[in-house]
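Protein chains: 2
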Amino acid sequence: MVDAVKIREVGPRDGFQNEPERIATDDKVRLIEMLAATGLRRLEVTSFVRADVIPQLADADEVLRRVRIPEEVSVSVLVPNERGLDGALGHRDKIDEINVFLSASESHNRHNVNRSVAESLAGLETVLGRATAEGLRCEGVISTSFGCPYEGDVDPARVFEIGARLAAAGAVEVGFGDTTGMANPVQVREFFGRAQEKLPGVELTAHFHNTRGQGLANVLAALEAGCDSFESSFGELGGCPVPPGATGNIATEDLVSMLHEMGIETGIDLDALLAAAREAQSVLGRSLGSHTIVAGAVDHRPRAVPFGPLGTKRNS
Amino acid sequence: MVDAVKIREVGPRDGFQNEPERIATDDKVRLIEMLAATGLRRLEVTSFVRADVIPQLADADEVLRRVRIPEEVSVSVLVPNERGLDGALGHRDKIDEINVFLSASESHNRHNVNRSVAESLAGLETVLGRATAEGLRCEGVISTSFGCPYEGDVDPARVFEIGARLAAAGAVEVGFGDTTGMANPVQVREFFGRAQEKLPGVELTAHFHNTRGQGLANVLAALEAGCDSFESSFGELGGCPVPPGATGNIATEDLVSMLHEMGIETGIDLDALLAAAREAQSVLGRSLGSHTIVAGAVDHRPRAVPFGPLGTKRNS
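Listed in order, the protein sequences are those of chains E and U. For what it's worth, my numbering labels the leading residue of the first sequence as 1, then goes sequentially. For what it's worth, my numbering labels the leading residue of the second sequence as 1, then goes sequentially.
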């Protein structure tokens, strides 16, 4: 298994976007800066989307103008189309990467962006070409990679074909989203094994949801298949939970806790990350779904009486 | 990996015991009978403990007298000592198994049962001897097998030594409890590999908690190490959550959902199990922590428009 992984924190985009109320820009800036100081290396900060469709992210310009993020953190924004890219390019000094997205399944893509998959692909190819020419690193994320809530099973061959198209257009990284938590560890292991063959030289990223509690089991399966890049959200925020009330994204702090316990390096200070998640909890005024936010990091230190002898064997 | 696993549902004991209010006996009987009709094969029904210490289970006699459970379900009760065994033997016609328990670490055992580990072992050896003589199948559960909240790391050699003592005294099954969710998948895989060498011929059972969200990842690791026996609690009830508010036991329905998705057989009808968990939710008047109770089983069936063509390559 790998001894270090890359984690992209997507909470400030994916999480904040899914809140019913728009979070105050001051709070966003403070939370983003807390995250950026945890040692994480990739941070999706916001998205350039239509303010009338996603008012929660209407302050993307102001957020990007104000946040101070250490040089070593790779900052990305999600862009849905060329207009989004134009918005992002207005902050070229602050942004290192863009993330584009579409779904593998027609009905999910139609519900999400009101286009066919072919139309999305054609549009994103243009976005990726322009972004690459501007020197931006590009990731393409494929939603419903492991199953679709409308169409059931999704053929991995179709997902890899879309991934190859995104890579050919300029994406150096392709992310696979388990949008409604349909993936299982057997499927994940096989999927990432095949993905490495089908998309050689492309960085492959797993974006799991914890919809049925199996998010970290899928992470383990992906690790076993050689995947070393993950996306997650602090406080378990966001992820467009389906059905409503379900869990969406895996919590970054639960992911980091498990990886560190397994001896896998992330660069992240778990206590600093927990402080950021607790601050988000305080800003939002409700308990978040993350587990480690309640339990804290595992404490291995001996703190009480030592182990005693087991005594005499009575039956043997 | 194994193609079938055994699951012991512990909710009616471990779950009901940890509720702040005692659940009405009528409700217990109904929930136990719903569980017993799901196809599960092992069911821990109650415990014979002191009513002044654990009033939640003071109706153990009445519950056992009243429940009607299909012959093919192996019914167990938890017994802490000889007095508990006497209580259980009053229902010899209803009971197939007993579960006894102690902790691997001195401070946890002292906190839990006010005895040293040596004293507990000596007492349980007598209980196991008597129960075996009565024809009862016996499981010994070792709490804090993967770490102790007071003493930090726990040496697996000590856990296996305790397991060997329990086995020598009559336990045909030894369960390993991750009492406060300190286990990680690397540790679990190594642990079960070694346990099989150290305890040949003994059935080895994993009892994980989801304290840091990693419960099902630990299940996956245990499966990979050849473990095929698990304990869990419907609705994610119980498990003495540490710290308060944390998650305890893994939810049986989340476990079953993952296993079925992986093609591993459990004998359990997931929809019937979800109905029992939802009935518990209704009895307790609050949302339970299980994920699948919200999300439902994964639906693989195609239900909408078919996949369309991806269109022409624009960049390649």
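For glycine and all other residues, C-beta sits at the position ideal for the given N, C-alpha and C.
CB of residue i within 8 angstroms of CB of residue j, strictly
| i | j | result |
| --- | --- | --- |
| E:L237 | E:G11 | yes |
| U:C138 | U:E97 | yes |
| E:L216 | E:I250 | yes |
| E:L121 | U:G311 | yes |
| U:I95 | U:L124 | no |
| U:V174 | U:G181 | no |
| U:L274 | U:T266 | no |
| U:A246 | U:T292 | no |
| E:R50 | E:E9 | no |
| E:I264 | E:V5 | yes |
| U:M262 | E:P185 | yes |
Same chain only: Cβ atoms within 8 angstroms of residue i, ignoring 5 sequence neighbours per side
| i | result |
| --- | --- |
| U:R130 | E82, L85 |
| U:G226 | V2, F192, G193, Q196 |
| E:R66 | T25, V29 |
| U:H111 | Y150 |
| U:A280 | G11, G15, L31, F234, G235, L237, L288 |
| E:R165 | L121, E125 |
| U:V298 | S257, E261 |
| U:E62 | T25 |
From the options, residue whose alpha carbon lies closest to that of residue i
| i | options | result |
| --- | --- | --- |
| E:A277 | E:V75, E:D14, E:L288 | E:L288 |
| E:A167 | E:F101, E:L310, E:P70 | E:F101 |
| E:G248 | E:R22, E:I7, E:G213 | E:G213 |
| E:P309 | U:E106, U:T179, U:G296, U:P243 | U:E106 |
| E:P243 | U:E231, U:V294, U:C240 | U:V294 |
| E:S232 | E:L40, E:I23, E:F307 | E:L40 |
| U:H300 | E:Y150, E:V172, E:I264 | E:Y150 |
| E:G296 | E:G285, E:A272, E:V188, E:H108 | E:A272 |
| U:T179 | U:S290, U:E261, U:P302, U:H209 | U:H209 |
| U:Q187 | U:V202, U:T205, U:G201, U:A221 | U:A221 |
| E:E203 | E:T38, E:E161, E:R189, E:G140 | E:G140 |
| U:E21 | U:G201, U:V77, U:R286 | U:R286 |
| E:D27 | E:V77, E:D59, E:G152, E:A88 | E:D59 |
| E:E190 | E:C240, E:I23, E:A157, E:R165 | E:A157 |
| U:R13 | U:V298, U:V113, U:C240 | U:C240 |
| U:F307 | E:I23, E:D61, E:R115, E:D52 | E:R115 |
Same chain, Cβ closer than 6 angstroms to residue i, neighbours up to 5 away in sequence not counted
| i | result |
| --- | --- |
| U:V2 | D228 |
| E:V159 | A104, I142, S145 |
| U:A183 | F146, N218 |
| E:I69 | A36, V75 |
| U:H207 | G175, G177, E231 |
| U:C148 | S105, H108, V154 |
| E:I23 | F16 |
Supposed close pair residue i, residue j - CB separation, criterion 8 angstroms
| i | j | result |
| --- | --- | --- |
| E:V283 | E:L31 | 7 angstroms |
| E:V127 | E:V79 | 6 angstroms |
| U:G152 | E:R303 | 6 angstroms |
Nonlocal neighbours in the same chain, by C-beta distance under 7 angstroms from residue i, ignoring five residues either side
| i | result |
| --- | --- |
| E:Q17 | S47, I54, Q56, L57, G238 |
| U:L64 | V45, T46, H91, K94 |
| E:T132 | C138, G170 |
| E:S316 | The predicted position of E:S316 is uncertain, since its pLDDT is 40 and thus under 50; a value taken from the coordinates is nonetheless stated next. So the list is empty, once near-sequence residues are dropped. |
| E:E253 | F234, L270, L273, L274, A277, S290, T292, I293 |
| E:A88 | F48, V77, V79, I95, I98 |
Cβ-heavy atom distance, residue i to the ligand NAD, below 7 angstroms
| i | result |
| --- | --- |
| U:R30 | Of the ligands one can find in the structure shown there are none, so the ligand NAD has no counterpart to examine. |
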